[in-house]
């Protein structure tokens, strides 16, 4: 939670009411008393820049700032509840009249809704990778085929854990060596790093750095689809239940169908999809029925 409130890359995912977005390059966080805190929110009807100064920074429990233009003072207090959850209490003083209207307060609440969804998505990613690690710890299946063409289970794991091993600079260098072809890079790294000791790959699956990673331009939704799809590449091939939370699988189904299958070049013309394990349908036409995980795999271009 502290990272979400203090790192520009995290703030960009939820800051501002529904209908507005806050680009990361429009956020300034000088995390110290007296430091600047600025955000630029952009929406259909214009922009709004918040300019504030931090008055209290006590990691990871208290964050306070004042907006000099209005005099409004905001204090965010975080408390570890001991069950894996964090309580966030926000207190505001000297709130200007324009921000006391029902519309303004409703907009503020939608920003908190966006924060909650961002955190839930992050948790789903962590649970998916943790579940995959538990499966691979219990069973010696590293050299079994996956749904990814030509990749064994170990290659899939080497691929998804790549962000733990490659710094952004090293990733850029390897992309240049692959002449900008991500498929070439992925195959090269998967084959090379798939030979790493299983203990190393399992540790990387459990790494908080992997759980927090987001693909460039893909955000939390991209991180979720990456984790869920590749976990299904393993579990479906092995005939095992999904390790991703059911809600996460459904969220990825919604992502893929919202794009009409174009993300992986799947033609959904005159197609109706029906999940057999949850209440979920999409489209009209010829019916394809399968469990939700298999539908995700099909929409990801996999052959079952």
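Numbering (this note's numbering), first residue to last: 184 to 487.
Virtual Cβ for every residue (Gly too), placed ideally from N, Cα, C.
Asked: In chain order, what residues of the same chain lie with their CB nearer than 7 Å to the CB of residue 248, ignoring the 5 residues before and after it?; Found: 220, 235, 236, 237, 238 and 257
Asked: If you drop the 5 nearest sequence neighbours on each side, which residues of the same chain put their C-beta closer than 7 Å to that of residue 344?; Found: 384, 387, 388 and 393
Asked: Could you check the C-alpha separation between residue 262 and residue 378 for me, to the nearest Å?; Found: 42 Å
Asked: If I'm right that residue 444 touches residue 482 with Cβ under 8 Å, what's the distance once you round it to whole angstroms?; Found: 6 Å
Asked: Counting beta carbon pairs with one atom in the region 402-416 and one in the region 329-336, are three or more of them shorter than 8 Å?; Found: yes
Asked: Quick check: what's the CA-CA separation for residue 260 versus residue 245?; Found: 5 Å
Asked: Pull the bridge partners of residue 229 from the DSSP assignment, please.; Found: 226
Asked: Who are the near neighbours of residue 199 in its chain, counting only those whose CB is closer than 7 Å to its CB and skipping five residues on each side?; Found: 205, 224 and 294
Asked: Do residue 452 and the ligand ZN come close, with the Cβ less than 8 Å from some heavy atom?; Found: Judged by which ligands are present, the structure shown has none, so any question about the ligand ZN falls away.
Asked: Report the rounded CA-to-CA distance for residue 437 versus residue 457, giving the unit in angstroms.; Found: 12 Å
Asked: Within 8 Å, do at least three Cβ pairs link the region 332-340 to the region 307-314?; Found: no
Asked: Between residue 298 and residue 305, what straight-line distance do the alpha-carbon atoms span, to the nearest angstrom?; Found: 11 Å
Asked: Report the residue from 462, 453, 411 and 291 whose alpha carbon sits nearest the alpha carbon of residue 202.; Found: 291
Asked: Helix or strand or just coil, what does DSSP make of residue 412?; Found: helix
Asked: With 16 other CB atoms within 10 Å as the buried threshold, where does residue 265 fall?; Found: exposed
Asked: Three or more C-beta pairs under 8 Å: does that hold for the region 268-283 against the region 396-403?; Found: no
Asked: Exposed or buried, residue 207, counting other C-beta atoms within 10 Å across all chains shown (16 or more means buried)?; Found: exposed
Asked: Taking C-alpha atoms, which residue in 451, 350 and 463 lies nearest to residue 430?; Found: 463
Asked: Looking at C-alpha atoms only, which residue of 395, 322 and 250 is the closest neighbour of residue 184?; Found: 395
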